[in-house]
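Before any comments, here is the structure.
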Amino acid sequence: MKYPVFLQALALTIVVLIIGLYLGILLEQSRSVEINEYSIQSEISLLDIVALNDLIGEANISCAVLEKSNFDLVDKVYQEAKLLDEYEDSGRLTQNLKDLHRRYDVLRAYLWVNIIQTKKLCDSNYSTIVYLYNYDQKDLSKKAEQNVWSKVLYDVKEPRENLLLLPIAVDTDLISLNSLISGYEIESFPAVIINEKHVLTELVTVEEVEAFFN
Amino acid sequence: MDFLTNIFLVYSFIAFYFMFLFILIYIQNRKKINWTPKAKKKYGVGVVIPCYKEGKTIGKVIDSFLNNGYDKIEKIVVVDDCSPDNSFEIAKKYEKKYPGLVFAYQTPKNTGCAAGSKNYGAQFIDSEIIVYGDADSFPEKGAIEKALGFFDEKNVAAVTSNVLVKNRTNVLLMLQAVEYIIIKFTRKLLEFVGSIYVTPGPLAMYRKSIFDKIGGFDDKNITEDIEITWRILSHGYDVKMSVPSKVYAESPETFRAWFQQRIRWNLGGIQCIFKYAKSFGRKGMLGAFVLPFFVFSWLLGVFGLFILLYRAIRTIIVRFLLTSYSVEAHTAILRLNDINFNPSILAYIGIVLLTLSVTYSLIALFTVKERKEYKRPTVFTFIIYEFFYLLMYPIVLVTSGYKYLRGDIRWFK
């Protein structure tokens with residue numbers, strides 16, 4: 002070849018991009034490993050709480066301990082899921098986080114079931130908000146609406162210590178979740194279920210949601 | 030990976046390739062960039078200055094050729110293309126003042142393009158080398174002599190010069206000053222791979238025998254300086270660039286004039302692409318690099334602009350919806366919580382590319398020296414150039430493509 006620099010540049014480009022992509026995959030995998038570790042810890046905590054649920058009424062186990070465990074776990078899962086969302090937004094090369102997202106949805110669905118049971122068992126007076134949304138939302142208007150719903154619910158949750166917030170994606174084919182929400186006859190998402198009684202499917206103001214807890 | 034990620038990676042690959050290509054060419058040839066060979070003989074030179082409505086500058090341009098320091102300029106031919114101003118009268122005065130050296134001619138009727146008056150002037154030149162200047166561009170003293178040594182190589186048909194911006198009175202002109210330096214630096218690098226694709230009008234030199242053999246300028250092309258260079262390459266001849274041969278050109282002062290000039294350059298480029306389409310992959314570096322480079326630059330620029338527009342429109346719609354829903358719901362429009370502090374790998378690739386691009390531009394600015402009396406670009410100008418000015422290119426490309434399809438191919442002046 003008359004000008005070998007063309008091939009040299011090609012070789013350099015291929016090497017640099019392969020290294021770049023490899024580092025990118027490593028970065029995304031390390032994020033996936035981090036979330037996976039959190040997820041395992043949360044699953045252990047959930048199993049622990051479920052076991053605790055079964056022990057209520059026996060061996061001097063108080064509802065206060067169970068309720069506190071529920072609160073702590075919901076908050077922990079909320080923070081982890083937030084981090085997972087950030088990593089998912091930044092993920093470009095691998096799909097590992099998508100599966101982890103489903104795992105968190107199962108976890109939160111299970112947690113919701115457990116909270117309902119705890120409320121019955123202990124006659125608890127704390128409140129819950131379950132926020133149901135579409136994970137793979139293509140409609141820009143719905144996407145923006147979901148985004149604003151999360152902010153509204155965050156604003157409502159932030160000053161209230163006795164409020165549990167559980168965001169769960171509904172388009173992840175989870176049988177347990179589908180069965181759980183079928184009773185609410187929700188026709189469109191996003192939807193918000195407050196204290197397992199009230200269902201909101203239209204975007205409302207922060208004050209209107211707060212009115213349910215005042 | 031989604032569609033946009035794939036597109037981004039393809040663009041990154043191309044961008045990295047060209048960055049590395051130019052950086053490698055620079056590293057391998059950095060000592061030769063400002064070098065010119067000393068001519069083994071005294072070449073006879075004939076100068077042609079095409080002129081249209083340049084009464085304000087034509088006299089000074091003739092002076093700059095007369096005082097260029099080369100003693101074998103045999104003829105300076107000024108060709109007035111039937112200007113409505115006093116250009117021809119001024120040229121005639123010089124003809125009287127320098128009998129036998131300066132000649133003033135007028136085309137029988139306005140040719141409507143630079144190629145017309147350039148070809149008209151060529152018939153009066155019988156020197157070994159024909160030099161073309163512009164009636165608003167001023168070659169630095171010694172610019173001609175410094176370039177002539179390249180003609181010692183028999184296969185060299187043309188030598189181009191280092192065109193820089195003369196007027197630097199506003200931000201647009203300063204941006205063009207940066208752009209010209211980077212373009213000239215890149216053009217010199219292209220010389221090392223036999224791929225100079227233009228010999229710009231402000232100061233270009235051709236071996237007259239080859240110039241005549243290939244038939245002079247194509248008056249159907251509105252960028253005759255690009256076309257003739259491609260024709261030279263297609264005949265297997267070489268084109269060189271003399272970086273120390275500087276010529277300072279008056280550049281467009283208003284955005285409108287700038288935009289029209291760029292449209293003309295691009296329209297001429299598109300004309301060349303179609304004229305030489307059959308040379309794709311053939312005819313030496315013309316088909317192997319220059320032509321594919323032009324075609325892909327155009328396609329990638331246009332496609333990239335549409336992707337950018339798609340992203341921008343989508344973001345605007347989402348932002349608008351978010352804002353209106355947030356207001357409706359009495360919640361904050363933007364919070365610190367909403368900012369993602371975990372950048373994607375694509376962001377890192379973008380940062381590396383930007384760093385390479387800025388480094389390349391800085392190397393160009395520090396390699397191509399200008400006369401001290403000209404204002405050097407400031408950091409502010411450089412930032413505007415890197416982050417905003419370059420974004421205008423795809424818009425020019427799309428507009429040129431649209432005009433070409435409509436058949437609106439005119440010489441703007």
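As given, the protein sequences belong to chains A and B, one line each in that order.
Position in the first sequence counted from 1, then plus 1, gives you our numbering.
Position in the second sequence counted from 1, then plus 29, gives you our numbering.
Backbone N, C-alpha and C fix where the C-beta goes; we use that ideal spot for every residue, glycine too.
At a CB-CB cut-off below 7 angstroms, which residues of chain B make contact with residue i?
i	result
ASN37/A	The premise fails here: ASN37/A is roughly 16 angstroms from chain B at the closest Cβ pair, so nothing lies under 7 angstroms.
THR206/A	ALA358, HIS359
VAL153/A	ALA358, THR360
ASP156/A	THR360
For residue i, return the contacting residues in chain E, with the cut-off set at a CB-CB distance below 7 angstroms.
i	result
THR14/A	Of the protein chains in the structure, A and B, none is chain E.
Have a look at the DSSP bridge pairing and note the partners of residue i.
i	result
PHE180/B	BP columns for PHE180/B are empty, so no partner.
MET234/B	VAL160/B, VAL188/B
LEU193/B	TYR277/B
HIS199/A	ILE195/A
GLN135/B	ASP109/B
ILE169/A	LEU133/A
ILE78/B	VAL107/B
ILE102/B	VAL74/B
VAL268/B	ALA187/B
Select from the options the residue whose C-alpha is nearest the C-alpha of residue i.
i	options	result
ALA393/B	PRO79/B, ASN191/B, GLN290/B, ASP31/B	ASN191/B
ASP248/B	LEU38/B, VAL194/B, ALA144/B, GLY379/B	ALA144/B
LEU375/B	PHE37/B, ASP31/B, VAL347/B, PHE32/B	PHE37/B
TYR266/B	PHE322/B, ILE243/B, ILE225/B, VAL185/B	VAL185/B
PHE323/B	GLY150/B, THR428/B, VAL227/B	VAL227/B
SER271/B	GLY178/B, ASP437/B, ILE43/B	GLY178/B
VAL188/B	LYS122/B, SER93/B, LYS217/B	LYS217/B
HIS359/B	VAL66/A, ILE41/A, VAL157/A	VAL157/A
CYS80/B	ASP163/B, ALA44/B, ASP100/B, SER41/B	ASP163/B
PRO372/B	TYR23/A, ARG32/A, LYS3/A, LEU13/A	ARG32/A
SER91/A	LYS138/B, TYR389/B, ASN369/B	ASN369/B
SER390/B	THR34/B, MET48/B, LEU33/B, ILE251/B	MET48/B
LYS432/B	TRP294/B, VAL194/B, MET421/B	TRP294/B
LYS213/B	ASN139/B, LEU434/B, PHE395/B	PHE395/B
TYR418/B	ILE91/B, ASP367/B, PHE288/B, THR428/B	PHE288/B
TYR39/A	PRO5/A, ILE182/A, LEU101/A	LEU101/A
VAL331/B	THR283/B, ILE424/B, THR352/B	ILE424/B
Run down chain A in chain order and give the residues with a C-beta less than 7 angstroms from the C-beta of residue i.
i	result
ASN184/B	In chain order: nothing, as chain A lies at least about 14 angstroms away.
LEU375/B	ARG93
TYR354/B	ALA145, GLU146, VAL149, LEU204
ILE378/B	GLY21
GLN300/B	In chain order: nothing, as chain A lies at least about 27 angstroms away.
Quick one: list the residues of chain B neighbouring residue i, beta-carbon separation under 9 angstroms, in chain order.
i	result
THR129/A	Per Cβ cutoff of 9 angstroms: no residues; THR129/A is ~20 angstroms from chain B at best.
LEU11/A	TYR46, PHE49, LEU50
LEU141/A	ARG343, ILE346, VAL347, LEU350
LEU165/A	In chain order: nothing, as chain B lies at least about 19 angstroms away.
GLY25/A	SER373, ILE374, LEU375, TYR377, ILE378
Since residue i and residue j should fall inside the 8 angstroms C-beta cutoff, what is the C-beta to C-beta distance between them, to a whole number of angstroms?
i	j	result
VAL210/A	VAL153/A	6 angstroms
LEU94/A	ILE36/A	So it is not a contact: roughly 16 angstroms between Cβ atoms.
LEU167/A	ARG109/A	5 angstroms
TYR414/B	GLU208/B	7 angstroms
VAL171/A	SER355/B	Not confirmed; about 23 angstroms, so no contact.
LEU133/A	PHE190/A	6 angstroms
By the criterion of Cβ-Cβ separation under 8 angstroms, what are the contact partners of residue i in chain A?
i	result
ALA187/B	Neighbours of ALA187/B on chain A: none; closest Cβ ~20 angstroms, over 8 angstroms.
MET30/B	ARG93, LEU94
THR34/B	ARG93, LEU94
LEU53/B	VAL6, GLN9, ALA10, LEU13
GLN57/B	VAL6
Please list, in chain order, the chain B residues whose beta carbon lies closer than 8 angstroms to that of residue i.
i	result
TYR88/A	ASN371
ASP73/A	What ASP73/A touches in chain B: nothing, since even the nearest Cβ is about 21 angstroms away.
I want to verify the contact list: residues of chain A whose CB lies under 9 angstroms from the CB of residue i, in sequence order.
i	result
VAL222/B	LYS3, TYR4, VAL6, PHE7
Quick check: the segment 132-142 of chain B against the segment 196-203 of chain B, are at least 3 beta-carbon pairs closer than 8 angstroms? no
If contact is defined by three or more beta carbon pairs under 8 angstroms, each pair taking one atom from either stretch, is the segment 82-91 of chain B in contact with the segment 113-121 of chain B? Yes, the segment 113-121 of chain B is in contact with the segment 82-91 of chain B.
For the segment 144-164 of chain A against the segment 99-114 of chain A, are there 3 or more C-beta pairs whose distance is under 8 angstroms? no
Within 8 angstroms, do at least three Cβ pairs link the segment 125-134 of chain A to the segment 184-202 of chain A? A contact exists between the segment 184-202 of chain A and the segment 125-134 of chain A.
Report yes or no: do three or more beta-carbon pairs, one from the segment 39-50 of chain A and one from the segment 60-78 of chain A, lie closer than 8 angstroms? yes
With three or more beta-carbon pairs closer than 8 angstroms as the criterion, would you say the segment 251-259 of chain B touches the segment 283-298 of chain B? yes
Segment contact flag, the segment 166-175 of chain B with the segment 227-236 of chain B, C-beta cutoff 8 angstroms, min 3 pairs: yes
Contact the segment 401-413 of chain B vs the segment 62-75 of chain B: 3+ CB pairs below 8 angstroms: no
Are the segment 46-56 of chain B and the segment 10-28 of chain A touching by the rule of at least three beta carbon pairs closer than 8 angstroms? yes
Are at least three pairs of beta-carbons, each pair with one atom in the segment 301-317 of chain B and one in the segment 342-350 of chain B, less than 8 angstroms apart? No, the segment 301-317 of chain B does not touch the segment 342-350 of chain B.
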